[in-house]
Every structure is written in structure tokens, then in C-alpha cells.
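Undergrad:
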Amino acid sequence: MRSKKEYDEYEKQSNEYLKKIIETDVDKKIIIAGPGTGKSFLFRKICENNIKKGKTKNLALSFINELTEDLAKELHNISIVKTLHGFALKLLGKDNNFYLNISEIIQEDYKIINKKDFDFKKALCNLIECEDLKFYSERRKYYDSFGPDCSVYALVKYFEKYKEKIPKYSQILVDEFQDFNKLEIKLIDLLSTKSPILIVGDDDQSLYSFKYAEPKDIRLKHESGEFKPFDLPFCRRCTEVIINSFTDIIEKAKKEKFLKERKNKIYIYFPTEEKDLISEKNKKIIVKTGLQQIAIAYYIEKEIEKLFNPKEKNSVLIICPLKSQIKSLKDRLSEKGFLNIKTALKKEKNELIDGFKLLLKNKESNLGWRIIAKNILPKKQFKNILTESHKDESKKIIDLIAKDKKEKIIDILSVLKKFIGDEEVSEDESVKIFKFLGFDVKETIKENVLKEIGVNITKKTYKDVPIRITTILGSKGLTSDYVFMVNFDNKYMLKNGDATDEAICMFLVALTRAKKQASIYTSDKDLPNFVNWINPKNIDHYKINSGSKKF
22 MRSKKEYDEY
32 EKQSNEYLKK
42 IIETDVDKKI
52 IIAGPGTGKS
62 FLFRKICENN
72 IKKGKTKNLA
82 LSFINELTED
92 LAKELHNISI
102 VKTLHGFALK
112 LLGKDNNFYL
122 NISEIIQEDY
132 KIINKKDFDF
142 KKALCNLIEC
152 EDLKFYSERR
162 KYYDSFGPDC
172 SVYALVKYFE
182 KYKEKIPKYS
192 QILVDEFQDF
202 NKLEIKLIDL
212 LSTKSPILIV
222 GDDDQSLYSF
232 KYAEPKDIRL
242 KHESGEFKPF
252 DLPFCRRCTE
262 VIINSFTDII
272 EKAKKEKFLK
282 ERKNKIYIYF
292 PTEEKDLISE
302 KNKKIIVKTG
312 LQQIAIAYYI
322 EKEIEKLFNP
332 KEKNSVLIIC
342 PLKSQIKSLK
352 DRLSEKGFLN
362 IKTALKKEKN
372 ELIDGFKLLL
382 KNKESNLGWR
392 IIAKNILPKK
402 QFKNILTESH
412 KDESKKIIDL
422 IAKDKKEKII
432 DILSVLKKFI
442 GDEEVSEDES
452 VKIFKFLGFD
462 VKETIKENVL
472 KEIGVNITKK
482 TYKDVPIRIT
492 TILGSKGLTS
502 DYVFMVNFDN
512 KYMLKNGDAT
522 DEAICMFLVA
532 LTRAKKQASI
542 YTSDKDLPNF
552 VNWINPKNID
562 HYKINSGSKK
572 F
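Numbering (the numbering used here), first residue to last: 22 to 572.
(1) What residue range does the beta strand (DSSP E) around Asn-118 cover?
(2) Whole angstroms is fine: what's the gap from Asn-559's alpha carbon to Tyr-120's?
(3) Threshold first: 3 residues or longer. Then list the beta strand (DSSP E) segments lying entirely within the region 288 to 317, N to C.
(4) Would you mind sorting Pro-331 into buried or exposed? The rule is 16 or more other CB atoms within 10 Å of its CB.
(5) Are Lys-284 and Ile-239 closer than 9 Å when you measure CB to CB?
(6) Quick check on Met-527: does DSSP put it in helix, strand or coil?
(7) For Met-22 and Asn-79, I'd like the C-alpha separation in whole angstroms.
(8) Distance check for Ile-67 and Lys-74, CA to CA, integer angstroms please.
(9) So, with DSSP's three-state summary, where would you put Pro-236?
(10) Which residue from Gln-192, Ile-127, Lys-363 and Val-308 puts its Cα closest to that of Phe-64?
(11) If you count every other CB in all the chains shown that lies within 10 Å of the CB of Glu-247, and 16 or more means buried, which is it?
(12) Are the Cβ atoms of Thr-482 and Ala-535 separated by less than 9 Å?
(13) Count the other CB atoms within 10 Å of the CB of Ile-431; is the residue buried (16 or more) or exposed (fewer)?
(14) Helix, strand or coil for Val-221? Go by DSSP, reduced to three states.
(15) Who does Thr-535 pair with in a DSSP beta bridge?
(16) Alpha helix (DSSP H) containing Ser-191: first to last residue?
(17) Let me know if Gln-313 comes out buried or exposed under the rule of 16 or more other beta-carbons within 10 Å of its beta-carbon.
(18) Near Lys-427, which residues of its chain fall below 8 Å by C-beta distance, leaving aside the five closest residues on each side in sequence?
(19) Given a cut-off of 9 Å, decide if Leu-532 and Ile-317 are closer than it, judged by their beta-carbon atoms.
(20) In terms of residue numbering, what span does the beta strand (DSSP E) encompassing His-562 cover?
(21) How is the beta strand (DSSP E) around Phe-251 delimited, first residue to last?
(22) From the DSSP secondary-structure annotation, give me the bridge partner or partners of Leu-80.
(23) Can you tell me whether Ile-187 is helix, strand or coil according to DSSP?
(24) Are Ile-123 and Phe-167 close, meaning C-beta to C-beta below 9 Å?
(25) Near Leu-96, what residues of its chain come up, given a Cβ to Cβ distance below 7 Å and the 5 sequence neighbours on each side ignored?
(26) DSSP three-state call for Phe-255: helix, strand or coil?
(27) Could you name the residues of the same chain whose beta carbon sits closer than 7 Å to that of Leu-494, not counting the 5 residues immediately before and after it, in chain order?
(28) Along the chain, where does the alpha helix (DSSP H) that runs through Lys-41 open and close?
(29) Taking the beta strand (DSSP E) that Lys-136 falls in, what are its first and last residues?
(30) Please work out which residues of its chain come closer than 8 Å, Cβ to Cβ, to Leu-113, disregarding the five sequence neighbours upstream and downstream, and give them in chain order.
(31) When you compare only the Cα positions, how much space is there between Lys-327 and Lys-25?
(32) Would you mind stating whether Val-436 and Ile-422 have Cβ atoms separated by less than 9 Å?
(33) Tell me the DSSP bridge mates of Val-21?
(34) To the nearest angstrom, how far is it from the Cα of Phe-359 to the Cα of Glu-322?
(35) Do Ile-362 and Ala-492 have their beta-carbon atoms positioned less than 9 Å apart in this structure?
(36) Are Leu-338 and Ser-496 touching if we call contact CB-CB under 9 Å?
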């Protein structure tokens, strides 16, 4: 254990980094910092410092709802906290016109009407001006809806035309900048013309290439000379072995000619008395090889049972490379009696429910009727309705649907309104609506019974430990005491058998979710590629022969 003087010295160094960032009087600042280095804490300190000076209009922007929810708790009452699209919708006055999948809807319309494909997401996210966007604009207005991309796009175009309308803030704080694409960066750039701004991100955590976000964008900002760079080096989240293993992987990656453009950053374990005790208890990363899919739940149960302490509020995060691996693992853990499991999986999407939600707000909603029409009409009829609505946008979709089909939908809608109004609903009406919406009555009853049984269990056992199962992408922004990286096989982590910069970053993101211990499970008989890059002294390797055991 270190002495109190040593701990105080680390705290002093950390405070000096924070003080330098907060007190340096420049309008544009940027930090590229590793995971767990206290970015949210820094944001709170900046907002508190502003409020002391009477600067109360602070704005924090991040990428996804889950991250902004955590940030909103950290910055409660001292900053506005929004996703970029939430901010855009608010300023456009379209808070109630949001539909997440409007881009997919319009893309499908385009293909049906024009008999060819066009990638609207690519055009919007990369600010590609083209004639096809006119189609998108017309359909978006027809459906009276905004999605994440087109809401930001609309605000960018508005600010470009009316620069005097760009709002001023005491401070703008931008988190997870590496996940922003060119469209989103353009909005940030426009906002920065009127307000002081701090951009924070990490090019090691850039995993959103599918939405056209590229790690080079945060690197270019860092090198531009327009922003003053600062460091935030101390990781307060992870144990010493995880930080050392992180460093091992980075060094090996560079020797193998990967991460050539990566920004070098200081990334150091931050010792406290509590963290040193945790690090001492968890000196190594647990690696189990030769572990088949069917055996994973068994070994996770054994580990959770071993670590369980009713006096501690430990949490478990299980990370899978593929979304398709989540359900079977959840089912096996549920069969073993675990009661508190959350997954990244949404229930199978019921588009009809989406349609009826829209009709409950506006019974003539073109988008609502369009969604329902797709689900109840023959394909040819549906395509004809879309084509007709495009030819003459004064025609509402409700008026293009045959009378008998329309009346059936209106009948279901009236029963839904009874449910909402807590009015009496007959058994026939209930059965009819369940059948129409595709609900399994027996399964619904089963879920409610199991929920009630779970609620009434008072004795706490290791099977009550909260477990979350997600993908690597879904784990971003999450932390947990114990992290199980399962199925981290070469076949899932390497592309065509080869490492890539993005695959390395995915591994690093998963590893650094753990606050206490990280365990890596793989069906590979030998250590997987990225695990082999970690110094052997940092690993406890167990070779599992799961062929002879029943699970």
C-alpha cells in the first residue's frame, strides 16, 4: 500500500490538470483522453465554476440517450443536457415530431416509387448535396416527422442561412466527439462561433463508422491550431492490471503497424487506498480458453457465486461480439435462476404498435397510416398507395385506403383509447385487439406472473446480482464492477483473420468497462490474438475441457 503522502501527491497532480483546463482563458479547448478519466466530473467542475461567476447558461451535448441520461444526473441543475438530435428538435420546435426510423421509411418509399436505391443516411451524414434530397425533404414534410439525422441537418441549414439565430451559451461541453460525423461536427462548428466550447473525446473509442463517424475528425480538430489541447491522464475507473494491459495492447499494436494515426495520450492508473485494495485483490485478467457456447452460463454463474457479497452492491456486465449471441446466453442464465437480467435486445419490433401510437396522437397521421398500411395490405396495394401519395401530396393516406380496411383500423383504435382511458373493455374486444397486434396472450400472462414472483422474493442471493448483457458497441458509456467478455474468439474479433484498427479499439473499449475485474471467455483453444498482446504476467489463463461436462 502507498502512504498517505503518495495518495495526496496523486490527488494534487490530478487537481492541477483540472485547474489548468478550467482556468485557462481561451474559447476553444479540446481534450483527447482515455476511458474512465473523469470527463463527466470535469464537466461538473466547469459548470459549477461558471455558476459562481453568474454564467448559468451551460449546454452539454453527447451522442446517445443513455450517455446523456448519465450526464444529466451529473450536471443536474447546472447545465442543459441534450443529445445532438434532441437539441436540434428543441430549437426547431419539433420535439413532438420525432420518429427514430423516418430515414428508413423514406428510403423504402424512394425504392418503391423510383425503383432504385439511394443512401439518404450517407448523403445527410456527409453533407452531400444532391437532387435526391428533395425527395427526402418532401416525404419528411408529408409525414410531418424528423429523425436523428434530418433534424440535425435541418438545424444546420437553418443556422447557415440565419447565422444571427445561432444561440449563445455561457459554455458548450461536447462529449464523445469521436462518435460525431461530418453533419454533427458542422453543427458543433456553427455553435462554436457564438459560445466558448470544450470538446472531449477519445480516438481509441471511435466505433461508429457505420454512421460515417471517423477517428480522423477528432484528430484533425486536435491538430488544427484552432483549439487549445489539454490532457486528462488519470483513470479512476479501472484497476492497475487493466491499465497495464491496455498499455500492452497499444504498444504491441503499434509494433504491428496498427493505430498509425492514433493520438498519443497519457493514460495512467490513479491510485487511491480503495482502488489499490481492489487492484491487489484482482491482480490479473481472467482468461478461459476452449470454452464452448453451452458452457458460458455455467462458468459465469460460478464466478458470480464466488464474488457475491450481500453487503456490496456489485454489478455484472456481459459483453458479446454479436447481438445474436445475447438471447441464448440470457435464456441459459435465466434457467439457472438469475432474476435481474437486462439485455440490449429490444422486443421484436411491432410496427403496428408504432403506427397506432401515431394515430392516437393524430388520427389522420400520414406516417401512422403508412406504417399500418404496410403491415395489413397486400404489397401491390401498399405500393400503389405510396405512389399515389407521392404524385399528389394533398391526398392523405387515410383517404387512399379501402373503406373496409380503414374501418377495421378505426375500430381497433377506439378499443385502444378505451384501454388508455381505463374504460370497460369486453373480453371479445380484448381478444380481438391482442390477436390483431400479434400478442401471445399466454406469454403475456406468464411474464406478469414471473414479474410478480420476482418482486416478492426478499432474500438476497448471488442470483439477484444485476446483470446486463450487451454488444461491444452497446457497452460504450457503461461501467460495471465485473465484466465478462464472452465469445471473444478470433473468428468474431478479426476481419477475415486479420486485426484492424477498429477491432483493436473494440477490444479496448470492452476491457475498460470493468471497475474491479475483467474476464475473457473464448472457444479458441489458444489465447486469442489480442489477449496474446497482453503481458503474460497480467493474465490468469485457464484451459477448459468442456466436452466431458454437463451444463
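By construction, the Cβ of each residue, glycine as well, lies at the ideal position given by its N, Cα and C atoms.
TA: On the basis of the data shown:
(1) Careful: Asn-118 lies outside any beta strand (DSSP E) and carries neither H nor E.
(2) 47 Å
(3) 306 to 310
(4) exposed
(5) yes
(6) helix
(7) 41 Å
(8) 11 Å
(9) helix
(10) Gln-192
(11) exposed
(12) no
(13) exposed
(14) strand
(15) Contrary to the premise, residue 535 reads as Ala rather than Thr in this sequence. Ser-501, per the DSSP bridge assignment.
(16) Careful: Ser-191 lies outside any alpha helix (DSSP H) and carries neither H nor E.
(17) exposed
(18) Ile-419
(19) no
(20) 560 to 564
(21) 249 to 251
(22) Ile-101 and Ile-193
(23) coil
(24) yes
(25) Phe-64, Arg-65, Cys-68, Ala-81 and Val-102
(26) strand
(27) Leu-228
(28) 25 to 44
(29) Per DSSP, Lys-136 belongs to no beta strand (DSSP E) and is neither H nor E.
(30) Phe-167, Ser-172, Ala-175, Leu-176 and Tyr-179
(31) 32 Å
(32) no
(33) This structure does not reach residue 21, given that the chain is present from 22 up to 572, and the question cannot be answered.
(34) 9 Å
(35) According to the sequence displayed, residue 492 carries Thr and not Ala. No, the pair does not count as a contact, with Cβ atoms beyond the cut-off.
(36) yes
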